[in-house]
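Engineer: First the structure, then my questions, so here it is.
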Amino acid sequence: MPVLALQAGDESSEDEDEEARLQKERQQKQDAYRQKTIDMELAKLTGIKGVPVPNRPAPPQSPGRTKKAIPNDFLVAKPKSALERTLNSTLGRALTIFVTVVNFIVLLWMTTIWNSPQMWLSGQALPVATLTFLVGTHFYTAVPVLAGYSGLMVPETGVDWKIYFVLYRMCYFTSVPSIVLMYFGPGERLAFGESEGGLEDISLTELTLGSYKYFRAYDGFVALNLTKGITETLEKTVHNRNVPRLSRYRDAEIVNNREPFSNEEEPTVPPGFMETYRIAPVFLQWAPCTTRYRISAGCLNQNQVAGWAVATSRALCTNLRMVSCRVQDPLLEPVYRCSTNATKGREFKGTINGLCGRSIPAPNPQVIDELSALLLLDGWPESRLPNASHGWYDVWPEPCVSNAEACNSHWNLLENLGLAFSCITVALAVLPLLIDCSTDSRIRGAMAFQEECKTRSKKGATIMF
């Protein structure tokens, strides 16, 4: 028995020694690993090594397909300034909607009036058109930005937005057809101008000069056989073999006689061509001598020249005074008795009167001077030469001159549709304001009630000693 007890004690001591040895080894390994980690970190921090750049180009990599977005719960709104807090209130939204409605009404008004004859006569058409463009740009760019500061647009976080403000955003969509309809409705009606006289009850001598008003006279005959052409060039040139002249306007050498064996040659276009004018005399009555290719002084004394018919290019390139434009060939297309028995002057051979057209301002004085020089070479007396006080007419056939009632009904229809869309636009802009005023009033009432309840609860919880 003593021997067995001694053997058991030896075995337990050996186990304890073995466990202590293993624990010591584990501690040494941990210390060595910790020291190695520290040495590696120190080597990284103290080591100065450049980033290795390979000599070959980097392989192509496609960008990520998904865009990582920050969750809305982690977004914190930027603190607002005092101006932003003022705008994002009932008063600020009311002022923003007021600016929107006023800007929209001004844009409609300017879109309608800028192309009227009164604007062109006063020289304000182009400035007003530019101002209209700026007002429209302000309405569709600056006003939405102001609405965003006022809380009328959806914020970046997508929360704290009143759902009925979507009506305000819809007013921008309905404003587009409103502006288009008002331009092609009352805008076109104002641009077309007013009528001077009734249906073939006025004479050319009674017309208002340079008024842009259209007329349907009972007299008037355009002598197309006496048409003259004047070409405007970019630089001054010497022209006219008989009497040399130096100017930017020269004879276009228009061919009027296109009958067989007339030996008339078509002229070439001069360098720097910009514009071509076709001008023909307008007599009060048709006469046989006014239909010839050359007119005598006696015929001019017997037949009064009531004015001059003018035709110019209607292309945008030439209207912008550009060079290298495609050569335009403006034509005089007079129409007689356009409202009762329309007859084209180029196709009818015989006695005819009753000119339809529009009274326009006189052309450039240099054009009149060149025309006078050409007529003097043809033997016209000086008393019959054109001047700015004569009547100048645009005889281009316009459907609305002959059928003004149909055009007026069409314009009125577009105007009614435009006004309907305009009313819808204003209603969509104002209605959210009325709802917002009611909602904000209830919110303020609820907040006041809550504060009152807190005050009462504090008074009730007070203990008096």
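When we follow numbering that gives the first Met the number 0, the leftmost residue of the sequence shown carries the number 0, and every step to the right adds one.
Backbone N, C-alpha and C define an ideal beta-carbon position, used for all residues, glycine too.
#1: To which residues does DSSP link G306 through a beta bridge?
#2: What's the C-alpha gap between K343 and P398?
#3: Considering only the alpha carbon of each residue, which of A296, W379 and T290 lies closest to K348?
#4: Is it buried or exposed for T339, if we count other Cβ within 10 angstroms and need 16 for buried?
#5: With a cut-off of 8 Å on the beta carbons, I'd call P280 and V304 a contact; round off their distance for me.
#6: Would A403 and S194 be called neighbours here (beta carbons separated by less than 8 Å)?
#7: From the DSSP output, in three-state form, read off L3 for me.
#8: Have a look at T89 and D435 and give me their C-alpha separation to the nearest angstrom.
#9: When the distance is taken between beta carbons, is T311 closer than 8 Å to P333?
#10: Hey, would you say I178 sits closer than 8 Å to T110, going by beta carbons?
#11: Check this for me: beta carbons of T230 and L427, under 8 Å apart or not?
#12: Is the number of C-beta pairs between the region 372–388 and the region 182–192 that are closer than 8 Å three or more?
#13: Taking the beta strand (DSSP E) that L245 falls in, what are its first and last residues?
#14: Taking contact to mean at least 3 C-beta pairs separated by less than 8 Å, is the region 381–388 in contact with the region 128–146?
#15: So the alpha helix (DSSP H) I351 belongs to, where does it begin and stop?
#16: With DSSP as the reference, please indicate the residues paired to F220 in a beta bridge.
#17: Can you give me the start and stop residues for the beta strand (DSSP E) that I229 sits inside?
#18: How about V127 and V105: are their beta carbons less than 8 Å apart?
#19: Whose CA, out of A93, E234, S149 and Y182, lies closest to the CA of L107?
#20: For D149, does the count of other Cβ atoms within 10 angstroms reach 16, so buried, or fall short, so exposed?
#21: May I ask you to report which of helix, strand or coil DSSP gives M152?
Structural biologist: The structure says:
#1: To locate residue 306, count along the sequence shown from 1; it is residue 307. Looking at the DSSP assignment, G306 forms a beta bridge with V281 and G390.
#2: The residue labelled residue 343 in the question sits at position 344 within the sequence shown. The residue labelled residue 398 in the question sits at position 399 within the sequence shown. Each residue's alpha carbon lies about 13 Å from the other.
#3: Taking the first residue of the sequence shown as position 1, residue 348 is located at position 349. Checked all of A296, W379 and T290; the closest Cα to K348 is T290.
#4: Here the question's residue 339 lines up with position 340 in the sequence shown. By the 10 Å Cβ count, T339 comes out exposed.
#5: Working through the sequence shown from its first residue, we reach residue 280 at position 281. Working through the sequence shown from its first residue, we reach residue 304 at position 305. Correct: roughly 5 Å between the Cβ atoms.
#6: By 1-based counting over the sequence shown, the position of residue 403 is 404. By 1-based counting over the sequence shown, the position of residue 194 is 195. It is a contact, given that the beta carbons lie within the stated cut-off.
#7: As a first step, residue 3 must be located in the sequence shown, where it is residue number 4. Note that L3 scores a pLDDT of 45, beneath 50, so its modelled location is shaky; the value from the coordinates is reported in the next line. L3: helix per DSSP, three-state reduction.
#8: If you number the sequence shown from 1, residue 89 lands on position 90. If you number the sequence shown from 1, residue 435 lands on position 436. If you take the alpha carbons of T89 and D435, they lie about 7 Å apart.
#9: Residue mapping note: residue 333 aligns to position 334 of the sequence shown, counting from 1. Residue mapping note: residue 311 aligns to position 312 of the sequence shown, counting from 1. In this structure, T311 does not lie closer than 8 Å to P333 by Cβ.
#10: One-based indexing of the sequence shown puts residue 178 at position 179. One-based indexing of the sequence shown puts residue 110 at position 111. In contact: I178 and T110 (Cβ atoms closer than 8 Å).
#11: Mapped onto the sequence shown, residue 230 falls at position 231. Mapped onto the sequence shown, residue 427 falls at position 428. No; because the gap between Cβ atoms is not below 8 Å, this pair is not in contact.
#12: no
#13: As a working mapping, residue 245 is identified with position 246 in the sequence shown. Residues R244 to D250.
#14: no
#15: Position 352 of the sequence shown, counted from the first residue, corresponds to residue 351. Run containing I351: none; DSSP gives neither H nor E here.
#16: The residue given as residue 220 occupies position 221 in the sequence shown. DSSP lists F282 as partners of F220.
#17: Locating residue 229 in the sequence shown gives position 230, counting from the first residue. First-last of the beta strand (DSSP E) with I229: K227 to H238.
#18: Residue mapping note: residue 127 aligns to position 128 of the sequence shown, counting from 1. Residue mapping note: residue 105 aligns to position 106 of the sequence shown, counting from 1. Not closer than 8 Å, so no.
#19: Your numbering for residue 107 matches position 108 in the sequence shown. Per the Cα distances, Y182.
#20: For the purposes of this step, residue 149 is taken as the residue at position 150 of the sequence shown. The question names Asp, yet the displayed sequence has Ser at residue 149. Answer is buried; the Cβ neighbour count reaches 16.
#21: In the sequence shown, the residue the question calls residue 152 occupies position 153. DSSP places M152 in coil when its eight states are reduced to three.
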